[in-house]
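Residue numbers (this note's numbering), protein chains in the order written: chain A, 5 to 118; chain B, 319 to 430. Below you'll find the structure, written out as structure tokens, and then a few comments.
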């Protein structure tokens, strides 16, 4: 079973604050993803990456930066947090070998922006 | 726009019945289709997936049907059980760029 660890699990910040969400996977997967989950919207893709130093833009990237420092670590940065970014954030990794593209999700980070 | 759409936000099925969950997509390039299950306060987990070269895949009580011409795929759960109560998320992707897009989810409730 793939292991994806997110930290922190919960975070509260104020409007305009600076937040970094961390994600580490220990299964040598190529791809890593950041999603946000909101009621009525399911999972929406913010950014993703296929390797260290690479960044691909997702569907809802505004207000977010991301950086993939190593194959294991993928960070999501909110430099001027806004209340609209209050959400549950999931990180995932996937192994694109063969015909499968299974996403393995972390436990999630619940972010509240006051 | 919403590239992957689940038009039913909720579905209630009697225990023992067949649950049918539907998903529509817009992008002709999608060639990977999947269903994930999510319990409250848990992360999504993959149930079943197919590539575009098949139109049906079975795994136990689960069957995925793919209709590429109609840009539609569905998940059928036979002999539905209370533990099937969860949110079901459909997902689609393009094998070339590995961008996986999810639908908004359908909350399935199995009534005993």
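Backbone N, C-alpha and C define an ideal beta-carbon position, used for all residues, glycine too. All values reported here derive from a predicted model rather than from experimental measurement.
With respect to the beta strand (DSSP E) encompassing residue i, which residues constitute its N-terminal and C-terminal limits?
{"i": "residue 337 of chain B", "result": "337-343"}
{"i": "residue 8 of chain A", "result": "8-11"}
{"i": "residue 15 of chain A", "result": "14-17"}
{"i": "residue 425 of chain B", "result": "424-429"}
{"i": "residue 329 of chain B", "result": "328-332"}
{"i": "residue 321 of chain B", "result": "Where residue 321 of chain B is concerned, there is no enclosing beta strand (DSSP E), given that its DSSP letter is neither H nor E."}
{"i": "residue 116 of chain A", "result": "113-117"}
{"i": "residue 30 of chain A", "result": "Careful: residue 30 of chain A lies outside any beta strand (DSSP E) and carries neither H nor E."}
Compare the Cα-Cα distances from residue i to each of the options and report the closest residue.
{"i": "residue 99 of chain A", "options": "A:118, A:35, A:72", "result": "A:35"}
{"i": "residue 363 of chain B", "options": "B:420, B:428, B:430", "result": "B:420"}
{"i": "residue 90 of chain A", "options": "A:64, A:115, A:20", "result": "A:115"}
{"i": "residue 435 of chain B", "options": "B:368, B:409, B:411, B:358", "result": "The requested residue 435 of chain B is not part of the displayed model; chain B covers only 319 to 430."}
{"i": "residue 356 of chain B", "options": "A:118, A:105, A:94", "result": "A:94"}
{"i": "residue 26 of chain A", "options": "A:49, A:45, A:15", "result": "A:15"}
{"i": "residue 64 of chain A", "options": "A:47, A:23, A:85", "result": "A:47"}
{"i": "residue 371 of chain B", "options": "B:413, B:424, B:404", "result": "B:413"}
{"i": "residue 369 of chain B", "options": "B:379, B:378, B:380, B:351", "result": "B:351"}
How would you call residue i, buried or exposed, if buried means at least 16 neighbouring beta carbons within 10 angstroms?
{"i": "residue 43 of chain A", "result": "exposed"}
{"i": "residue 56 of chain A", "result": "exposed"}
{"i": "residue 397 of chain B", "result": "exposed"}
{"i": "residue 342 of chain B", "result": "buried"}
{"i": "residue 53 of chain A", "result": "buried"}
{"i": "residue 61 of chain A", "result": "exposed"}
{"i": "residue 7 of chain A", "result": "exposed"}
{"i": "residue 429 of chain B", "result": "exposed"}
{"i": "residue 72 of chain A", "result": "buried"}
{"i": "residue 20 of chain A", "result": "exposed"}
{"i": "residue 332 of chain B", "result": "exposed"}
{"i": "residue 423 of chain B", "result": "buried"}
Query - Segments of 4+ residues assigned as alpha helix (DSSP H) that fall wholly inside the stretch 347-404 of chain B - result: Counting whole runs of 4 or more residues, the stretch 347-404 of chain B contains no alpha helix (DSSP H) stretch at all.
Query raised in the report: Counting only runs that start and end within the stretch 38-110 of chain A, where is the beta strand (DSSP E) found for 3 or more residues in a row?
Result: 46-53, 69-72, 77-82, 91-98, 107-109
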